[in-house]
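Data block below; observations after.
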Amino acid sequence: MDLQGKGILITGASRGLGAALARELARRGARLILVARGEQALEEVAAAIRAAGGEAHAIAADVGAKDEVYPIAGAAASLLGDVEVVVHNASELGPVPLQLLADTACEDLEHVFAVNLVGPFRLTKALAGPMLLRGRGLVVHVSSDAATAAYPRWGAYGASKAAFDHLARIWAAELAGTGVRFFGVDPGEMDTEMHAAALPDADRTTLARPQEVAWKLAEMIADDSIPTGARLEAGAYAGGAHPSPDVLEAPAAVGLSR
Amino acid sequence: MIPAAAWPRDDPRATRLLHVDPQSGLFADCTIGDLRTLLRPGDLLVVNDAATAPASLAGVTASGEPIEARLTGAGGSGDGSWRAVLFGAGDWRRRTEDRPPPPSVQPGDLLLFGETAAPRSGHTASRDAGAPADDRAVDRSPTHEVQAGPPADGSAPAFASPFGKSASAPATAGTPGKSAGAPATAGTPRKSLLATVTEVDPASPRLVSLQFNLRGAALWRALYRVGRPVQYAHTAKPLALWQVQTAYAARPWAAEAPSAGFALTWDLLLDLRRHGIATARVTHAAGLSSTGDGPLDARLPLAESYEVPEPTVRAVESAHAGGGRVVAVGTTVARALEGAAAQGGGRLLPSRGTTALRLGPAVRRSVVDGIVTGLHDPGTSHFELLESFAPRALLAEAHAFAEQQGYRGHEFGDAVLILGEGRPER
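Residue numbers (my numbering), protein chains in the order written: chain A, 23 to 280; chain B, 58 to 483.
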């Protein structure tokens with residue numbers, strides 16, 4: 023897929039991987055809807071993209087809130103026309119320091135699921151219909167290794183991401199052959215605010231930089247050969263070209279993700 | 058009369074479908090799922106993918122009088138200008154024809170939305186009884202919006218200058234913690250959506266053009282925060298935005314839902330595709346169906362924006378070339394396709410524009426062979442436009458049958474399919 027002129031919506035776009043991905047996709051000519059709760063940080067990301075000649079619209083909203091879904095989808099469609107790619111990148115750890123499941127408040131688990139699972143489901147539901155009519159579209163679930171490994175204290179987050187992975191697989195199975203594709207990506211451990219909140223003692227030199235992972239994610243979005251229902255690890259992804267040094271030497275971004 | 062359904066059904070698959078064959082004169086009681094057999098491989102179903110906009114905006118005039126603007130004919134203009142029909146005090150719970158007329162407005166007048174009039178004797182603002190818990194006056198997206206609350210230093214509110222002294226009343230007179238005017242205390246500024254009246258229709262003064270103070274993403278965020286779906290007195294409770302969307306809703310162009318599509322699930326649409334029945338889309342800015350103002354109602358539907366994309370033109374050509382029938386889901390689809398064809402001299406071309414076409418017995422159709430639509434009573438304009446598809450006597454007979462069979466009418470009701478075995482004679 024040629025990303026030039028493509029309408030792409032990214033959640034969690036104010037920081038970390040989401041912000042880095044927004045910059046990378048804008049650099050490739052995509053037209054962007056950026057969604058996040060933090061309005062000021064989000065507007066700064068969008069303004070920087072516009073200043074560089076790109077197109078980015080900031081929509082400050084909570085993807086975990088039921089009554090925000092159609093407002094996000096409607097504004098996105100109105101501003102972009104066709105929303106051709108959705109990247110569900112926003113996610114919620116729950117309270118930090120992370121807790122054992124036995125100490126996790128049920129309401130905290132519910133909130134993590136609302137942001138990491140139910141919200142993206144609602145947004146996909148609102149945006150996949152037009153994709154099905156057009157016979158074309160891509161939905162990317164940004165996942166985590168916590169979805170597959172049972173890390174102690176990552177219960178709410180890990181369970182929500184495991185369900186999120188499976189949600190992508192079932193969407194893919196149900197919509198196989200329609201031209202609307204789904205895949206999940208484990209971005210790997212990145213040097214982001216979210217990582218620091220979860221694992222404050224981690225050795226940052228061992229962590230990937232968000233802009234490097236964003237570059238790979240952009241390659242995956244452009245790669246039509248990735249089968250629907252796949253789950254990829256950014257660290258192992260060998261498709262596409264290699265990033266140019268100027269991409270990797272861009273200023274480090276702060277942000278999310280385990 | 059067919060009773061109106063007052064609420065969206067839980068399961069769209071339960072929608073009943075009255076099939077009327079204008080060629081044989083027969084009709085049959087089916088369900089929406091029977092489209093799988095009523096349509097044939099090679100047929101084409103065309104839907105209106107307009108999402109339903111939050112087109113009902115409650116607000117106040119410069120002098121603090123309550124007003125409701127129902128946006129119409131949006132068409133995604135992008136420059137912050139919209140056409141609107143104004144209503145006086147009250148809301149959807151009162152029949153439009155029983156609503157008091159709006160206060161008189163002139164070009165240059167300002168309207169403030171997302172606020173309600175200060176409580177006063179005689180009436181209150183429109184968001185009183187039974188308003189939903191998601192209080193639309195709560196500010197969740199303060200992007201680039203006018204600061205309506207008083208600044209912390211106690212100076213005049215930002216909009217006091219254009220509005221004059223009296224306009225500050227709605228922003229400051231609310232009961233803290235309760236009314237929409239709360240919490241307008243110093244240090245908690247709220248943001249509001251302002252519009253300037255730019256045009257007043259000379260024949261129908263409640264039909265106006267508005268210019269909002271915001272553009273782009275900021276305008277959409279404000280409209281979704283302040284606006285609610287347009288609804289009418291036959292509905293039971295306040296509708297949420299997600300209850301008035303089809304399964305394929307995209308750009309929010311529609312002032313009222315393209316409701317014939319409510320019955321369509323993706324399970325059905327994908328099944329139809331597997332049976333060789335394709336789907337295609339138009340976008341049509343379905344307007345208001347009623348304003349309560351007789352002369353203005355007589356002008357409905359007003360000219361409305363539409364877009365017929367190139368893949369849809371190809372799908373129509375392909376269906377017709379193979380002997381298939383083109384079935385419009387909703388009158389807005391028929392209007393867009395036939396309006397576009399009329400502007401193309403009888404040939405459907407990829408196009409975007411406005412159409413004032415009124416379907417009716419005299420309209421010669423060149424694209425649409427059949428229609429899925431809601432049930433409306435004889436004598437209504439909706440019923441008359443179906444005479445473009447079947448003779449009045451047959452429609453009346455089918456209507457009486459549907460009534461006797463317990464069909465429900467209006468936007469959340471059952472459906473009728475008017476479609477003959479072959480393509481109609483041209």
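In this text, a Cβ means the ideal position worked out from N, Cα and C, and glycines have one as well. These figures come from a predicted structure and were not determined experimentally.
Check	Outcome
Residues in the region 298-317 of chain B having any Cβ partner in chain A nearer than 7 Å	L298, W299, Q302, A304, Y305, A306, A307, R308, P309
Supposed close pair H79(A), V164(A) - CB separation, criterion 8 Å	Between V164(A) and H79(A) the Cβ distance is about 20 Å, and since that is not below 8 Å, they are no contact.
Bridge-paired residues (DSSP) for H341(B)	Y363(B)
Separation of P142(A) from G60(A), as counted between CA atoms	18 Å
Run of the alpha helix (DSSP H) containing E395(B), from where it starts to where it stops	388-400
Inter-residue CB distance, V254(B) and V117(B) (contact presumed, cutoff 8 Å)	Actually they are not in contact, since the Cβ atoms of V254(B) and V117(B) sit about 13 Å apart, beyond 8 Å.
Minimum C-alpha distance to F135(A) - residue among G180(A), S36(A), V108(A), P93(A)	G180(A)
Bridge-paired residues (DSSP) for N105(B)	V339(B)
Residues that L149(A) bridges to, as DSSP identifies them	Looking at the DSSP assignment, L149(A) forms no beta bridge with any residue, so it has no partner.
Short-range partners of chain B found in the region 65-83 of chain A, where Cβ spacing is below 9 Å	E65, A68, H79, A80, I81, A82, A83
Residue-level contact to chain A via CB, Y363(B), 7 Å cutoff	no
8 Å Cβ cut-off: residues of chain A touching T336(B)	L155
Contact list for G273(B) against chain A, beta-carbon separation under 7 Å	H79, L101
Continuous alpha helix (DSSP H) stretch holding W193(A): start and end	177-196
Residue of P262(B), A378(B), T340(B) minimising C-alpha distance to A312(B)	T340(B)
Against chain B: residues of the region 139-155 of chain A by CB proximity under 7 Å	G151, P152, L154, L155
The region 381-390 of chain B touching the region 149-163 of chain B, judged by at least three CB pairs closer than 8 Å	no
Neighbouring residues, chain B, relative to A97(A) (Cβ below 7 Å)	A274, W277, R278, Y281
Residue environment, R226(A), which counts as buried when at least 16 other CB atoms sit within 10 Å	exposed
Same chain only: Cβ atoms within 6 Å of D78(B), ignoring 5 sequence neighbours per side	G477
Sequence-distant residues of the same chain with beta carbon closer than 7 Å to H332(B), five excluded per side	R93, P98
Pairwise C-alpha distance: Y259(A) and T170(A)	18 Å
Validate contact between the region 205-215 of chain A and the region 38-45 of chain A using beta carbons, cut 8 Å, 3 pairs	yes
T129(B) (DSSP reduced to helix, strand or coil)	strand
Stretch pair the region 434-442 of chain B + the region 239-259 of chain A: three plus CB contacts closer than 8 Å	no
Rounded straight-line distance, which links the Cα of L250(B) to that of L143(B)	16 Å
Three-way DSSP call (helix, strand, coil) for T170(A) in this model	coil
R45(A) versus P152(A), V140(A), E234(A), residue with shortest Cα-Cα distance	E234(A)
Contacts that A342(B) makes with chain A (C-beta to C-beta distance below 9 Å)	Simply none; closest approach about 12 Å.
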